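Student: Submitted below is the structure of interest, expressed as structure tokens.
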Amino acid sequence: MSTCSHRWSMTDICSGYLVVEGCPHCGGRSSFFSTAPVPPIDEYREGAHYWEYLGSFQAVRFNLRCDQCERVVLLDDMMGLMLSTCDDPACKVGGLVRSSGRHTSVYVALCADTTHTTGKCVSDEGIAALSEYFNQNLKGGRKRIVVVPCKMCSRVDNCKGIVIADAGLTEFY
Amino acid sequence: MKISEIVAKTGLESLNQFEDDEITGVYISDMVSDIITGAKAGNVLLTLQTHKSLIAAVNLVDVGMVVFVKGKKPAEDVLELATKASVPLFSTPLDTWPFAIKLADLGLR
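Going down the list, the sequences are from chains A and B.
Count along the first sequence from 1, add 185, and you get the number used in the working numbering.
Count along the second sequence from 1, add 1205, and you get the number used in the working numbering.
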């Protein structure tokens, strides 16, 4: 176990597109990060799934590196962050939002497979490092950020929240 | 420099209540993915964007105040979200560059 009181910085910052796909057969959602100049929109079969392009957003991905012990926490399993406004009484995230104080904001770290058909989500190590990183940079003592994995949502695709994403910036209206 | 001093010296219109916190720098961006990686706590953010995703981003990195340029103003639900998150919002009729020059003249970088 590390005894370092980590001081995190963002590292490996990379701009690209968050591409969201859906499978019409199972209703599953999947997303991936692409650094291609134009977001890929191909449909393809993968096992029982047939993934169709649903949309894309300009996005950024990064890892966290401790300036003191040089430990790097990879966040390649995180596709985005969502400020939760969930009011579902059956949802643990909604419960956390309700029980948190006025100055606490709950952010959901979204993984690639928000339907969790693979059982995977953003790692515990990643969630802990994200929480530490965003809280260490707050000014003053009023505000607090809580980061939770999207597997904590009862149904993340229906969860109420505001995803931090640059939607529509490459489209004409 | 305190928010109130910036407001008084640049003629900003306040859009919600604010605590008179210290502003320590300037960041200019219209992309939320850029804001969460580039803006620092205590920055004044100059932007054209007035949507909820912007509030989610600036709250996460504790931006000190947001200035909407070119007279832009957010919708009521965005104002509500910002007020709940204690994010001070302001509007200026100026474009980004002339307003950035004003801030630079005040010594903010």
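Quick reminder that beta carbons are idealized off the backbone N, C-alpha and C, glycines included.
A quick note: this is a predicted structure, and the numbers were derived from the prediction, not measured.
Using a Cβ-Cβ distance cut-off of 8 Å, determine whether A/Y358 contacts chain B.
Tutor: Here A/Y358 scores only 44 on pLDDT, less than 50, and its place in the model should not be relied on; the value that follows carries that caveat. No, A/Y358 lies away from the interface with chain B (no Cβ there is under 8 Å from its Cβ).
Student: Return the first residue and the last residue of the beta strand (DSSP E) that B/N1264 is part of.
Tutor: Unbroken run through B/N1264 is the alpha helix (DSSP H), 1257–1265; no beta strand (DSSP E).
Student: Beta carbons nearer than 7 Å to chain B: which residues of the region 224–252 of chain A have them?
Tutor: Going along the region 224–252 of chain A in chain order, one finds Q243, A244, V245, F247 with a Cβ nearer than 7 Å to chain B.
Student: Is the shortest distance between the beta-carbon of A/I198 and the beta-carbons of chain B less than 8 Å?
Tutor: Chain B contact via Cβ: present.
Student: Would you identify the three-state DSSP class for A/G346, choosing helix, strand or coil?
Tutor: In this structure, A/G346 counts as strand in the three-state DSSP scheme.
Student: Going straight from the alpha carbon of B/D1267 to that of B/E1224, what length do you get?
Tutor: Looking at the two C-alpha atoms, the distance is approximately 13 Å.
Student: What does B/S1258 touch in chain A if you count any residue whose Cβ is under 9 Å from its own?
Tutor: Neighbours of B/S1258 on chain A, chain order: L268, I347, V348, I349, A350, D351, A352.
Student: Which residues in the same chain have their Cβ closer than 6 Å to the Cβ of A/V341, if we skip the five residues on either side of it in sequence?
Tutor: Contacts found: T299, C335.
Student: Taking 8 Å as the cut-off, does the region 283–301 of chain A touch the region 1216–1233 of chain B (at least 3 CB pairs, one atom from each stretch)?
Tutor: Too few Cβ pairs lie closer than 8 Å, so no.
Student: Name the chain A residues whose beta carbon is nearer than 8 Å to that of B/I1241?
Tutor: The contacting residues are V245, L266, I349.
Student: Closer than 8 Å is the cut-off here; do at least three beta carbon pairs connect the region 1247–1265 of chain B with the region 345–353 of chain A?
Tutor: Yes: the two stretches touch, three or more of their Cβ pairs being nearer than 8 Å.
Student: Which chain A residues sit within Cβ distance under 7 Å of B/S1209?
Tutor: Residues of chain A passing the Cβ test: none, with the nearest at roughly 16 Å.
Student: Taking its Cβ as the centre, do 16 or more other Cβ atoms sit within 10 Å of B/T1252, making it buried, or is it exposed?
Tutor: When all chains shown are included, B/T1252 counts as buried.
Student: Give me the subset of the region 288–310 of chain A whose CB atoms are less than 8 Å from a CB atom of chain B, sorted by chain position.
Tutor: So the list reads H288, S290, Y292, given in the order they occur along the chain.
Student: Take B/P1279 and list the residues in its own chain whose beta-carbon comes closer than 6 Å to its own, dropping the five residues that flank it on each side.
Tutor: Result list for B/P1279: T1255, in chain order.
Student: Please look up how many angstroms separate the CB atoms of A/V257 and A/R250, rounded, as I've assumed it's under 8 Å.
Tutor: A/V257 to A/R250, Cβ: 5 Å. Contact.
Student: Going along the chain, which residues of its own chain have a beta-carbon closer than 6 Å to the beta-carbon of B/N1264, five neighbours each way excluded?
Tutor: Taken in chain order, the residues that qualify are A1290, V1292.
Student: Inspect the beta-carbon positions of B/L1311 and B/M1236 and report whether they are closer than 8 Å.
Tutor: No, the Cβ-Cβ distance between B/L1311 and B/M1236 is not below 8 Å.
Student: Going straight from the alpha carbon of A/V348 to that of A/Y292, what length do you get?
Tutor: For A/V348 and A/Y292, the distance between alpha carbons rounds to 9 Å.
Student: If the criterion is Cβ atoms closer than 8 Å, does the pair B/T1242 and B/V1272 meet it?
Tutor: Cβ atoms of B/T1242 and B/V1272: not closer than 8 Å.
Student: Could you say if the region 200–213 of chain A and the region 233–243 of chain A meet the contact criterion of at least three C-beta pairs nearer than 8 Å?
Tutor: Yes, the region 200–213 of chain A touches the region 233–243 of chain A.
Student: Among the residues of its own chain, which have a CB less than 8 Å from the CB of B/F1295, if the five just before and after it don't count?
Tutor: Taken in chain order, the residues that qualify are V1212, L1217, E1218, S1219, L1220, M1270, V1271, V1272, F1273.
Student: Is it the case that the Cβ atoms of A/D252 and A/S194 are separated by a distance below 8 Å?
Tutor: In this structure, A/S194 lies closer than 8 Å to A/D252 by Cβ.
Student: Say whether chain A places a C-beta atom closer than 8 Å to the C-beta of B/L1265.
Tutor: B/L1265 counts as touching chain A.
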